[in-house]
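Novice: In UniProt numbering, the protein residues as written are 1 to 32. Heads up, the beta-carbon is just placed ideally off N, CA and C, and yes, glycines get one too. Predicted model, so just to flag it, every value in this text is computed and none were measured. Below is the structure I would like to discuss, written out as structure tokens.
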Amino acid sequence: WVRELNESEHIRKSELEELLSGVVRHERAADE
Numbered sequence: 001w002v003r004e005l006n007e008s009e010h011i012r013k014s015e016l017e018e019l020l021s022g023v024v025r026h027e028r029a030a031d032e
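Laid out in structure tokens, this is it:
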């Protein structure tokens, strides 16, 4: 599975960034 992860790293990274930004947005909304 490591090889598959490396092959689709750029796709994974963008998915992770979207997920992370969503989490940050959620936490900010919870703080307010």
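Would you report the Cα separation of E18 and V24, rounded to the nearest angstrom?
Specialist: 10 Å
Novice: If you draw a straight line from the C-alpha of R28 to the C-alpha of L20, how long is it?
Specialist: 12 Å
Novice: Any idea what DSSP makes of E32, helix, strand or coil?
Specialist: coil
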